[in-house]
Amino acid sequence: MDLKPGDVVILKSGGHPLSVVEVNEGNVACVWMGNEGDLFRETLPLAVLELAEHDTSDDEEDEEEDDEEDDEDEDEDEDEEDKHANKVA
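The sequence shown begins at 1484 in the numbering used here and counts up by one.
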């Protein structure tokens, strides 16, 4: 497995997703946020890690929210244009 800083990994045994900070030979320095908001850093052997699967359902929800916000922004822009047109006429 070829890891680089910024990759998200998880322990093969489970747990929190870990962000890769540094890779040195067979060791990987990782950081993660604990349940209480504490930041942890630990160097782990590569053998105990695997790439975390990216959950695309969150991305789809974010895109839907962005689309809704864009629609609202367009409606507001149209309302402003209508007000301006009424003042000019």
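Every residue, glycine too, gets a C-beta built ideally from N, C-alpha and C.
Predicted model only: the values in this text are computed from it and were never measured.
- With a cutoff of 8 Å on beta-carbon distance, V1514 and L1486 are scored as not near each other.
- Around the beta carbon of L1534, a 10 Å sphere encloses fewer than 16 other beta carbons of the protein chains shown; the residue is thus reported as exposed.
- When DSSP states are grouped into helix, strand and coil, E1508 belongs to the coil group.
- Taking E1525 as reference, the option from E1552, V1504, E1551 and V1491 with the minimal CA-CA separation is V1504.
- Counting along the chain, the unbroken beta strand (DSSP E) around P1528 starts and ends at L1522 to P1528.
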